[in-house]
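So the structure is just underneath, and the comments pick up after that.
In the numbering used here, the protein residues as written are 11 to 125.
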């Protein structure tokens with residue numbers, strides 16, 4: 011039997027479930043739509059330009075963010091962090107690294123399109 015964990019202070023059951031649901035939808039949609047971008051880049055030879063390569067790398071970074079969201083959604087549904095201290099540090103570092111990569115590639119795409 012699974013023991014029940016208390017809700018975070020100030021949050022209702024609905025709040026925690028809503029947060030987990032939003033993170034899960036964002037994670038799944040983000041994963042599959044970025045996967046479509048990656049597959050299109052790899053399959054369609056006309057899309058393999060230097061400018062589109064930046065979009066390809068951005069899609070890969072965004073898949074990392076989407077995977078991070080699904081892990082957070084899972085722990086939100088459980089109402090506790092099941093991965094321990096090392097899992098928390100890894101989750102935070104992976105989220106930071108993929109978000110930083112995403113920001114840098116968006117800036118590179120903007121610079122490429124401006125010049």
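The beta carbon of each residue, even a glycine, is placed where N, CA and C say it ideally should be.
As the structure is a computational prediction, the values presented were derived from the model and not from experiment.
Out of the options, point me to the one whose CA is closest to residue i's CA.
i	options	result
residue 81	97, 118, 72	97
residue 44	125, 107, 72	72
residue 15	91, 28, 39, 61	91
residue 26	84, 95, 70	84
residue 113	124, 68, 100, 99	68
Cβ of residue i within 8 Å of Cβ of residue j?
i	j	result
residue 77	residue 37	yes
residue 30	residue 115	no
residue 33	residue 89	no
Report all residues from its chain with a CB closer than 6 Å to the CB of residue i; omit the five preceding and five following residues, and keep chain order.
i	result
residue 66	51
Using a Cβ-Cβ cut-off of 8 Å (strictly less than) and excluding sequence neighbours within five positions of residue i, which residues of its own chain qualify?
i	result
residue 41	73, 76, 77, 80
residue 70	44, 48
Considering only residues of the same chain and omitting the five flanking positions on each side of residue i, which have a CB-CB separation below 7 Å?
i	result
residue 126	The chain is shown from 11 up to 125; residue 126 falls before or after that span and cannot be answered.
residue 109	75
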